[in-house]
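Taking the numbering used here, I'd label the letters of the sequence shown as residues 500 to 585. For each residue, glycine too, the CB sits at the ideal point set by N, CA and C. Report on one structure; see the data block that follows.
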Amino acid sequence: YNNFAIGNARIAPVFQLIASNRGRDSDAYGDPDNTGYTRLIASPGIEVDQNSWKIYADVEIPVYQDMNGNQLIAPWAVKTVLSYAF
500 YNNFAIGNAR IAPVFQLIAS NRGRDSDAYG DPDNTGYTRL IASPGIEVDQ
550 NSWKIYADVE IPVYQDMNGN QLIAPWAVKT VLSYAF
């Protein structure tokens with residue numbers, strides 16, 4: 500949905516559900532007891548387009564996560580992307 504506008508900048512709210520499943524390490528130097536996970540992340544964000552510029556930003560919040568063993572994980576993450584089209 501991108502019917503919001505301020506001047507010639509179009510603004511669109513964005514929402515994603517991101518699911519990922521990573522397997523455990525399996526080689527001789529791996530740590531299978533402390534690697535691998537399954538998680539679901541809710542990611543609300545915003546996209547702004549103005550002329551050739553585009554900026555996208557979101558925050559990624561875990562809804563479900565099942566980590567194997569002892570792993571350091573962030574409670575949330577922020578992503579920002581700035582692009583220019585020639």
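Legend entry - Expected contact under 8 Å - CB spacing of residue 551 and residue 528 to nearest Å: Translated into positions along the sequence shown, residue 551 becomes position 52. Translated into positions along the sequence shown, residue 528 becomes position 29. That pair is no contact at about 46 Å.
Legend entry - CB of residue 512 within 8 Å of CB of residue 560, strictly: On the sequence shown, residue 512 is found 13 positions in, with the first residue counted as 1. On the sequence shown, residue 560 is found 61 positions in, with the first residue counted as 1. It is not a contact, given that the beta carbons lie outside the stated cut-off.
Inset, instruction - With a threshold of 16 other CB atoms inside 10 Å of the CB of residue 540, please say whether the residue is buried or exposed. - result: Residue numbering aside, residue 540 sits at position 41 when the sequence shown is read from its first letter. By the 10 Å Cβ count, residue 540 comes out buried.
Inset, instruction - Leaving aside the five residues before and after residue 534 along the sequence, list all residues of the same chain whose C-beta is less than 6 Å from its C-beta, in chain order. - result: Residue mapping note: residue 534 aligns to position 35 of the sequence shown, counting from 1. So the list reads 523 and 524, once near-sequence residues are dropped.
Inset, instruction - Could you pull the start and end residues of the beta strand (DSSP E) that residue 527 belongs to? - result: Sequence index remark: in the sequence shown, residue 527 carries index 28 (1-based). Element bounds for residue 527: n/a, residue is neither H nor E.
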